[in-house]
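Notes follow the structure.
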Amino acid sequence: ERPQGLWMRVAITVSGNKFDAEKVKMTYTAISRGYYTHATPTLFNSGLKMQQLSSCFLIGMEEDSIEGIFNTIKDCALISKTAGGIGLHAHNIRANGSNIKSTNGKSNGLIPFLKIFNETARSVDQGGGKRKGSFAVYLEPWHADIEKFLELRKNTGAEEFRARDLFYALWIPDIFMKRVENDEDWTLMSENECPGLSDNYGDAFDKLYGKYEKELPHLPKIKARELMSKIIEAQIETGQPYMLYKDSINKKSNQKNIGVIKSSNLCAEIVEYSEKNETAVCNLASIALPKFVNKKENKYEYKKLYEVAKLAIKNLDEVIDINFYPTDKTERSNNLHRPVGLGIQGLADVFFLLKIPYDSEKALEINKKIFETIYFGAIEASVEIAKEKGAYSSYKGSPLSEGKLQFDLWNVKPSDLWDWDSLREKIKKYGVRNSLTTACMPTASTGIILGNTETFQIQTSNIYKRQTLSGEFLLVNRHLVKELTKRNLWNKAMRDNIILENGSVQNIPNFPPDLKEIYKTVWETSQRTVIDMAADRAPFIDQTQSMNLWL
C-alpha cells in the first residue's frame, strides 16, 4: 500500500457510512496534506473486515470476586486483540490479608492477579504483531497493597512479586498530597472493609476517609512522606508510576453527572467514566500544528486551524457509529456518552518555524491561542452535529447542559479571539453531540509519519536515533539543518559536532547565538516552562494531557 492509498482508505472510512464524495474529498485533502491525522488503530484497521478504530479503553475491575476478576481479564484480552491500549482501575480488589467470608480464609490481595494480567498483556498482542499489548493499572494510594504495587516493575527482588510488562499509575486524592505536605500519617485501607472510597471524591471522600480512620484504629499506618518517597524511588528506577489527580479530574469533567471517574488510559490523557457494565472508549486524532504557520508573513493562521479542528471532530464522531466494538460494554458506553479526543502534534516545530524560543513570551501566547481555537472549533462542530442528530444520551445534567464550558470549570476567562457568547446560545438551543472533545495524546507514531515533534513536547535532541518495529532511523532536526544551510554552516564537521554533543548545540564553537536559544533541548529548558504552558492550555482541554517532565 502506498501512503496515498492509506490516506484514501482512511478518508473513505472516517467520512461515515453514507458515501459523500465531497466530504471524502475534503477529508482526503486534509489528511494527505498532513493537516491532521487519525490515531494508529484507525490507520491500521480502516476498511478492514474488523474495523476497530479506537485507541483507548478504560475498564473497571468488574467486582471483587474470582468471576469478576477473570471476566475483566477476558475483556482485556478481547480488547487487546483488536489493537486497543487499556487503562484498568483495581481500587475495589481487596488487599492482601483481608478476610474472605465464604471460606474463613485470608485474601492473597491484588498482586497475584496482576501477574495474570501481565501474562495476558504479553500473550495477546495488538492486531497480530502490529504492536505489543499494553495495559495500565490504576490504584489509589490508600489501598493496603500500595507498597507492593510500587515494586512490581523493579529490576531487583523475587520474580513472584514482579509484573514488568504492565504500566502502573496512581489515582491520587488531594488529601494524600496535603498529608505529604504536612508530614502526617496516612492510613491504608481495603474497600471490602471500608466501602465507597473509590466512589467518592473531594470533600465527600475526605469525610469518608476520616470516618474510617476514627472508627477503625487497627488499620495499618505509614508516614505520608515515607510513601511519597517510595513513589519517587519507583519513578527514578522505572519511570513509573505516573500520577493523576482524582479530585481535580472529577471536579472539572463534563462527565461528572454520569458518575465518578476512576482511571485514565495507558498514556494518561483520556479521563472518562467506566464501571462494571460500561467500558469507556476513546477515538483519537491529532492536528499537525506546523501546517498553519504562514512563513511569508511570519504569523499563525488560527482560522484555518479552527476549520481543520471542526472537520476532525465531525469525522471522529462518525467513527463512533462505524466502529467495531470488541465487547458489549464498550459499545454501550461509547453510544451513550460519545466522547472523542482531538489532540495536537508539532508544537515545538511551530516555534522553530516562527524562529522563537520555546520558553519565550510569544510562545506562551501562541500556545494559549492554539488550544482556545481547537476547543472552540471542536465544541462548535459538536453542536452542529447535535443540531442534526440530537445531543448525546447522558447530556442532561452535565456542566455543558448548564452553560458551563471547560474554562468556566477552571475559573478562567478566554481571550476575545472567538465569539464564545454566541456558541453558548447554540449549546443552549441544540446541546452537543459529544460529552468530551479534546485531549493531548503522545502522538509517538503518527508524529513520525507526519515528521513532527511529539505533541507539545520540547525536542529531546537535535539529532537522535529512533527505534521502531521496522528498524532504526537517524533523525536530524530538519528546521535546524535548513537554517544552517542558509548560512552555509551545515557540513559534516557540524553534524559530527552535534553528535559529539549528544544533540545539543549550546557548546559548539562559532555556532550562531540566536539559533542557540531557539534550538535548546528539553534538558536545557526549565521544566517550569513545561508546567506553566500545560496550565495555560488546560482550561481548553476537556480531557487531559499526557505530560512528561525531564529531570
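When you line the sequence shown up against our numbering, it's residues 524 to 1074, in that order.
Ideal placement from N, C-alpha and C gives every residue a C-beta, glycine not left out.
Item, Value
"Opposite Y661 in the DSSP bridges: which residues?", "H612 and A692"
"Let me check understanding here. Comparing Cα to Cα, which of F979, S809, L807 and E824 lies closest to F815?", "E824"
"Work out the CA separation of A791 and Q575 for me, nearest whole Å.", "21 Å"
"How many Å lie between A667 and I745 at the Cα?", "10 Å"
"Taking the straight line between their C-alpha atoms, what separation do you get for S968 and W709?", "40 Å"
"Between the beta-carbon of D698 and the beta-carbon of D729, is there less than 7 Å?", "Here the sequence assigns Ile to residue 698, which means Asp is not the residue at that position. Their beta carbons are under 7 Å apart, which means I698 touches D729 by this criterion."
"Can you give me the Cβ contacts of L1072 inside the same chain, cut-off strictly under 8 Å, excluding the 5 residues immediately before and after it?", "Q1050, V1053 and I1054"
"So, under 8 Å CB-CB, L959 and N705 are touching, yes? Tell me the CB distance rounded to an integer number of Å.", "Not quite, the Cβ-Cβ distance comes to about 34 Å (not below 8 Å), so this is no contact."
"Between which two residues does the beta strand (DSSP E) harbouring F580 extend?", "C579 to G583"
"Would you tell me roughly how many angstroms separate the C-alpha atoms of G1026 and N985, rounded to the nearest one?", "5 Å"
"Could you check which residue in C963, K779, A914 and R861 has the C-alpha nearest to that of Y953?", "A914"
"Whole angstroms is fine: what's the gap from H1084's alpha carbon to C579's?", "The structure shown does not extend to residue 1084, since the chain spans only 524 to 1074, so no value can be given for it."
"Who are N806's beta bridge partners in DSSP?", "V863"
"By a C-beta neighbour count over all protein chains shown, 10 Å radius and 16 as the cutoff for buried, is N800 buried or exposed?", "exposed"
"Name the DSSP bridge partner or partners of A811?", "Q868"
"Just to confirm, is the Cβ distance from A901 to A803 under 7 Å?", "no"
"How big is the Cα-Cα spacing for E830 and D1037?", "34 Å"
"Around the C-beta of G719, are 16 or more other C-beta atoms found within 10 angstroms, so that it is buried, or is it exposed?", "exposed"
"Taking only three categories from DSSP, how would you classify D882?", "coil"
"Tell me where the beta strand (DSSP E) around I745 begins and ends.", "K744 to K746"
"Please report the residue range of the beta strand (DSSP E) in which F847 lies.", "Per DSSP, F847 belongs to no beta strand (DSSP E) and is neither H nor E."
"Check for me: the alpha helix (DSSP H) holding W709 runs from which residue to which?", "No alpha helix (DSSP H) holds W709; the beta strand (DSSP E) holding it covers D708 to T710."
"Based on Cα-Cα distance, which residue from S555, T536, E795 and S883 lies nearest to T565?", "T536"
"In chain order, what are the residue ranges of uninterrupted alpha helix (DSSP H) at least 4 long that sit wholly in the segment 937 to 984?", "943 to 953 and 967 to 973"
"The alpha helix (DSSP H) with M531 in it runs from where to where?", "P526 to V537"
"Taking the alpha-carbon of R947 as reference, which of V842, F899, P965 and S621 has the nearest alpha-carbon?", "F899"
"Between K785 and the rest of its own chain, which residues show a CB-CB distance below 6 Å, the 5 nearest in sequence each way excluded?", "H612 and S721"
"Are the segment 526 to 546 and the segment 837 to 844 in contact at 8 Å, needing three or more beta carbon pairs?", "yes"
"Determine the direct distance from the alpha carbon of I1031 to that of E1047, and round the result to whole angstroms.", "14 Å"
"Determine the direct distance from the alpha carbon of N780 to that of G920, and round the result to whole angstroms.", "6 Å"
"Per DSSP, M766 forms a beta bridge with which residues?", "L693"
"Using DSSP with H/G/I as helix, E/B as strand and the rest coil, what is N773?", "helix"
"Straight-line CA distance for P965 to L887?", "20 Å"
"With which residues is T991 paired in a DSSP beta bridge?", "G994"
"Looking at L689: is its Cβ nearer than 7 Å to the Cβ of V660?", "yes"
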